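What follows is a single structure, written as structure tokens, with notes after it.
Residue numbers (the numbering used here), protein chains in the order written: chain A, 8 to 255; chain B, 39 to 353.
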């Protein structure tokens, strides 16, 4: 079996006395759709922060494609092919949708110490950006300023930006949070579309989504992995039932 | 175009025509006062253009921008005092020294945000202000009268006031053209994206610090040139050039004209200086009217005067 794309070993993060990640060990295989679920406060967003490089762990190691990236800065990880979407929408509000994605393309197209030619007229930036927009179904909104997009459209744009960086691993932090049923359905269809073309790590609160989409599921409770496996195994797992599913 | 001229374009064209006609007007009337005032408008506009680059487009609120005016001016004055009067030496030194100082200030201040950034830029400017006061050889607190303008050979004599005026105008327009190109370039989009959301910029793979630092240094260099021009216009340098109130005036000019707009710094500087001049004729306390005016602009006109006139550039 090939080496996993992402290996997490003994990853630990404490905030004062609170332990947000408790010796998390996890492998993400290439091209799999892996979901992490857990009740509120399970440390899901902390895990994304640790993987993206915004939070430094006290202990443990992260390997990405065989390289130890535990101490690597956020932008360096992004350049290696690790992209994320944010749970709370984080965009360039005063730019158009296309500008947002074009910036993401630009970030992975060499250095940006180019001072003279108009970047908004560069086909090398605009065309891939347009392609990423149509992949999430937003091409008709390309020239609309981000602060005039609906919440659902902003979430789609989040993912278009992450896709535009041609990531090898895409971290999705609750992409359906705060969405209405229509928007959720559209997002689901889109996730189903990209499944298999890219390695996905989805953090999600909504269990139904996860069981419908994921190849494998990891359950996090109080910062600790209590189970990991395919959806059927997780559904049958006694500890998971007790800690998480049993309540519903 | 539907044949209707938008007020913003009309104002800018009118302003440029007025600026171009100042020297002939001075020749006709024989009064040098107007040209002196407008030369000052042009020079401080150049400083405001550079501040607008970092503050308006880059979101870096520097409260020490007058330091670069001072460094540029002192480069000219000190070199003259030491017997080097060639502009071909003085001006590059003014620009280079300002850029180096900006690199040092930026390397420290750009690691902080918000109020801390403002305080560090202010602290550096005050530091250089007190250094200037300590320079006894160059006049200390009293300043230094420069008895010779920068030399560019007999054909290009800066003592010719009309020529000096047009030089200032040309440098200002060149700097505005440069900034216009810069902000739409890849570099400019990184700078503006970082103003909008730095965390996201890092997440998509930009090493934002180095871009902001380069932008900060470019702005410092531009303002250093303005300082060299100012020393040449007034034939005088003193620590007052870089006192913190001067930094504040520059910020006012930029905000008044419209943050992050191309012609905003020129409009804001012209408004500020002309209003100050007019008010000082009717009252001893021009600040009493200038202050509330700025307050109104800050509260009601986020796009400044240029924004008020419409045609704001989108994103």
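Every residue, glycine too, gets a C-beta built ideally from N, C-alpha and C. This one's a predicted model, so the numbers in the text were calculated from it and none came from an experiment.
Return the residue from the list B:209, B:303 and B:171 that minimises the CA-CA distance to residue 108 of chain B. B:171
Please tell me whether residue 13 of chain A has its Cβ less than 8 Å away from any Cβ of chain B. no
Cβ separation of residue 38 of chain B and residue 298 of chain B, assumed to be a contact under 8 Å, to the nearest whole Å: Nothing can be reported for residue 38 of chain B, as the shown portion of chain B is limited to 39 through 353.
Residue 258 of chain B beta carbon less than 8 Å from that of residue 98 of chain B: no
If you pair each beta-carbon of the stretch 247 to 266 of chain B with each one of the stretch 308 to 316 of chain B, do three or more pairs fall below 8 Å? no
Quick one: does residue 90 of chain B have its CB under 8 Å from some CB of chain A? no
Does the distance from the CB of residue 124 of chain B to the CB of residue 304 of chain B come in under 8 Å? no
Do we get a CB-CB distance below 8 Å when we pair residue 81 of chain A with the residues of chain B? yes
For residue 228 of chain A, count neighbouring C-beta atoms within 10 Å of its own C-beta (all shown protein chains included) and say buried if the count is 16 or more, exposed if not. buried
Would a C-beta distance cut-off of 8 Å place residue 42 of chain B and residue 271 of chain B closer than the cut-off? no
With the cut-off set at 8 Å, would you say residue 10 of chain A and residue 73 of chain A are in Cβ contact? yes
When you compare only the Cα positions, how much space is there between residue 146 of chain A and residue 185 of chain A? 23 Å
Strictly under 8 Å for the Cβ-Cβ distance: is residue 121 of chain A near chain B by that measure? yes
Proximal chain B residues relative to residue 172 of chain A, where beta-carbon distance stays under 9 Å: 242 and 243
With distances taken Cα to Cα, identify the nearest neighbour of residue 122 of chain A among B:186, B:73, B:184 and B:224. B:224
Going by DSSP in three states, residue 320 of chain B sits in which element: helix, strand or coil? helix
Within the chosen definition, does the stretch 196 to 206 of chain B reach the stretch 58 to 74 of chain B through at least 3 CB pairs nearer than 8 Å? yes
Cβ of residue 59 of chain A less than 8 Å from any chain B Cβ? yes
If you draw a straight line from the C-alpha of residue 46 of chain B to the C-alpha of residue 153 of chain A, how long is it? 26 Å
Taking only beta-carbon positions, decide if residue 352 of chain B is within less than 8 Å of chain A. Residue placement at residue 352 of chain B cannot be trusted, given a pLDDT of 40 that sits under 50; what the coordinates show is reported in the next sentence. Closer than 8 Å to some Cβ of chain A, the Cβ of residue 352 of chain B qualifies, so yes.
Out of curiosity, what's the CA-to-CA distance linking residue 24 of chain A and residue 48 of chain A? 14 Å
Whose C-beta lies closer than 7 Å to the C-beta of residue 142 of chain A among residues of the same chain, with five residues either side of it excluded? 167 and 170
If I follow the unbroken beta strand (DSSP E) through residue 106 of chain A, where does it start and stop? Segment 104 to 114 is the alpha helix (DSSP H) holding residue 106 of chain A; no beta strand (DSSP E) there.
For a test of the three-state rule: what should DSSP assign to residue 51 of chain B, helix, strand or coil? helix
Contact test: residue 285 of chain B Cβ vs the ligand FAD heavy atom, cutoff 7 Å: With respect to the ligand FAD, the structure offers nothing, as it holds no ligand at all.
What's the C-alpha gap between residue 289 of chain B and residue 89 of chain B? 7 Å
Taking Cβ positions only, does residue 254 of chain B come closer than 8 Å to chain A? no
Kindly identify the DSSP beta-bridge partner or partners of residue 176 of chain A. A:89 and A:206
With a threshold of 8 Å between beta-carbons, can residue 210 of chain B be considered close to chain A, or not? no
For residue 249 of chain B, which residues in chain A fall below 7 Å Cβ to Cβ? 119
Helix or strand or just coil, what does DSSP make of residue 259 of chain B? helix
With respect to the alpha helix (DSSP H) encompassing residue 25 of chain A, which residues constitute its N-terminal and C-terminal limits? Unbroken run through residue 25 of chain A is the beta strand (DSSP E), 25 to 35; no alpha helix (DSSP H).
Which two residues bound the contiguous beta strand (DSSP E) that contains residue 68 of chain A? 66 to 71
Quick one: what does DSSP say residue 77 of chain B is sitting in, helix, strand or coil? helix
Would you be able to state if there are at least three C-beta pairs under 8 Å between the stretch 181 to 193 of chain B and the stretch 91 to 108 of chain A? no
So, does the CB of residue 94 of chain A fall closer than 8 Å to a CB anywhere in chain B? no
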